[in-house]
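In what follows, a structure is listed as C-alpha cells, so that the remarks can point back to it.
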Amino acid sequence: MGTITGRAKGLARDIAYGNTITLAIRLILGAMFLYSGAVKAMDPEVFGSVVARYNLLPDVLVPYPAMVIPYLELLVGLCLAAGYRIRSASLVSASMMLVFAFAIAVNVARGEAFRCGCFELDRLGIGISETVGAHLVVRDVLLMGLFILLMNVKKHVFSVDYYLERRGLKSLR
Amino acid sequence: MRQIVRTTIRDAAWIVIISAVLGLSANTVNPRGYSLVKKSAERQKSLVRISALEAKIKYDASSALFLDARGRDEYESSRIAGAVSVPASPESLSLQRISEEHGALRGNRELVIYCGGSACGDSDTLASRIAGLGYSRHIYILQEGFPSWEGAGYPVRGSGGGER
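First to last, the sequence lines map onto chains A and B. In terms of the numbering used here, the first sequence has 161 at position 161, counting the first letter as 1, and numbering is strictly consecutive. For the numbering used here, add 173 to where a residue sits in the second sequence, where the first one is 1.
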C-alpha cells in the first residue's frame with residue numbers, strides 16, 4: 001500500500017515538473033484546438049448559427065465570437081503544439097473552457113439539446129456525441145483542469161519555450 | 174513570481190488581440206464570411222419560423238419545396254411526402270446535395286426546412302448555409318420539426334415507399 005502511495009506521489013511530482021505525460025497532454029490538446037479552429041474558420045456563418053443557438057448574446061453581437069473564436073483556437077493550438085508561450089496559451093484555453101462550460105450549463109438548465117459546436121469531434125465519425133448536455137459541462141471543466149495543470153508545469157520537454165530558456169541560460173555562462 | 178504572472182497575463186492578452194485581428198481580417202476575404210453591414214441582418218430576416226399548420230398550407234398550395242435537414246437514415250425511415258434530403262451535416266455532403274438540387278433551390282418555390290424537433294439545430298444550420306450561398310427567396314423553418322408534422326397526421330412517406 002505504502003509503495004503504491006509512494007509511486008503515485010512520485011508520478012504526481014514528475015507531472016508537476018513536466019514529463020512525457022504532460023508533453024502528450026499538451027500535444028493532444030493543441031491538435032484538438034488546431035482541428036476545431038480550422039473547421040470553424042472555414043465557415044464562420046455556420047459557427048455563428050451555433051453561437052446564436054446558445055441564446056446568450058444579442059443578435060448584433062453574434063458574428064464577433066463566431067469570427068474570433070476559431071482564430072483564438074488556432075493560435076492557442078499552435079502555441080500549445082509548438083510549446084511557445086505555453087503558460088499564456090493555457091491561461092486563454094482555461095478561460096475559454098470556463099466560458100464554454102457556463103454557456104452549455106445555462107442551456108442544459110433551459111432544457112435545450114443541440115450540437116454544441118465545441119471541438120467538431122462528431123464530424124470525425126468516431127461516435128463522440130457533442131449534443132449539449134451535462135457530460136459536456138463535465139468535459140469542459142476537466143479540460144480546464146488540464147490547462148491549469150499545463151500552466152503550472154515547470155519544464156515542458158520538446159518545446160520552443162524550453163529551447164529558448166536553455167539558450168538564455170547558455171548565453172549567461 | 175509576480176513577474177511570471179505579469180508576463181503570462183500580458184502574453185495572453187496579446188494572443189486574444191492577435192486572434193481578434195486575424196479573425197476580423199480573414200472574415201473580410203472569406204467568401205462564406207459574415208457581412209457585418211446590412212446583408213447579414215437581411216439574411217436573418219429572411220429566415221421565418223412557421224408551425225406545422227402553416228407549412229401544410231404551403232404544402233397544399235405546392236408553393237414550397239420541403240428540405241429534410243436530418244441524416245439520410247432518418248430521411249429514408251420517414252419523411253414529409255415529397256421532401257428532398259439535404260442533410261445539414263457533414264458539411265461536405267450538405268454542400269454536395271445543395272449543388273445537386275441547385276435547380277430546385279433556384280426555382281420559384283419557397284423553401285421549408287425541417288429537422289428532428291425544435292431543438293435539433295440542423296434546420297438553422299442548413300438555412301444559414303443556403304442563405305449564405307445567396308439563395309434569396311424566403312426560407313421557412315418548421316418550428317417544431319418533423320414530429321409536429323407527423324403528429325398532426327399530415328402526409329408522410331416511409332421506408333416502404335408508401336404514403337400515409
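For glycine and all other residues, C-beta sits at the position ideal for the given N, C-alpha and C. Just so it is clear, the structure is predicted and the values come from calculations on it, not from any experiment.
Candidates the options, of which the one nearest residue i by Cα
i	options	result
F33(A)	A16(A), G145(A) and A89(A)	A89(A)
L23(A)	G168(A), K170(A), L146(A) and L164(A)	L146(A)
L29(A)	V153(A), S93(A), I128(A) and V99(A)	S93(A)
A113(A)	G294(B), Y287(B), H275(B) and C288(B)	G294(B)
Q269(B)	D246(B), I303(B) and Y248(B)	I303(B)
M75(A)	V221(B), S192(B) and A242(B)	At residue 75(A) the sequence reads Leu, which differs from the Met that was named. When only C-alpha atoms are compared, the closest one is S192(B).
S235(B)	E283(B), R179(B), I312(B) and L278(B)	E283(B)
Other residues of its chain near residue i: CB distance less than 7 Å, five sequence neighbours each side excluded
i	result
G255(B)	F239
Own chain, CB closer than 6 Å to residue i, minus 5 neighbours either side, in chain order
i	result
A105(A)	V137
C118(A)	E130
P58(A)	none
G331(B)	S251
S36(A)	E73, F119 and E120
Reduced DSSP category for residue i - H, G, I as helix; E, B as strand; rest coil
i	result
S95(A)	helix
L238(B)	strand
L56(A)	coil
K282(B)	In the sequence as presented, Lys is not what sits at residue 282(B); that position holds Arg. DSSP places R282(B) in coil when its eight states are reduced to three.
A214(B)	Residue placement at A214(B) cannot be trusted, given a pLDDT of 45 that sits under 50; the coordinates are not used to answer.
S129(A)	coil
V62(A)	coil
V257(B)	strand
G331(B)	strand
R243(B)	coil
Own chain partners of residue i with C-beta closer than 8 Å, once the 5 adjacent residues on each side are dropped
i	result
V62(A)	G48, V51 and A52
E273(B)	none
S213(B)	Low confidence applies to S213(B): its pLDDT is 49, below 50, so where it sits in the model is not reliable, and the reading given next is rough at best. Closer than 8 Å at the Cβ level, and outside the excluded window around S213(B), lie Y207.
R26(A)	L80, A81, G83, I86, L150, H156 and S159
Y71(A)	G37 and A41
K211(B)	Bear in mind that the predicted position of K211(B) carries a pLDDT of just 46, short of 50, making it too unreliable to give a figure here.
Beta strand (DSSP E) segment containing residue i, residue limits
i	result
L315(B)	I312 to L315
I223(B)	L220 to I223
Range of the contiguous alpha helix (DSSP H) that encloses residue i
i	result
R139(A)	A134 to N152
S321(B)	G318 to G324
- Mind listing which residues of the region 91 to 117 of chain A have their C-beta closer than 7 Å to chain B's C-betas, in chain order? L91, V92, E112, A113, F114 and R115
Residues in the region 187 to 199 of chain B having any Cβ partner in chain A nearer than 8 Å: W187, I188, V189, I191, S192, A193, L195, G196, L197 and A199
* Just by C-beta distance, which residues in the region 247 to 270 of chain B are closer than 8 Å to chain A? -> S262, P263 and E264
What residues in the region 232 to 248 of chain B bring their beta carbon closer than 7 Å to a beta carbon of chain A? none
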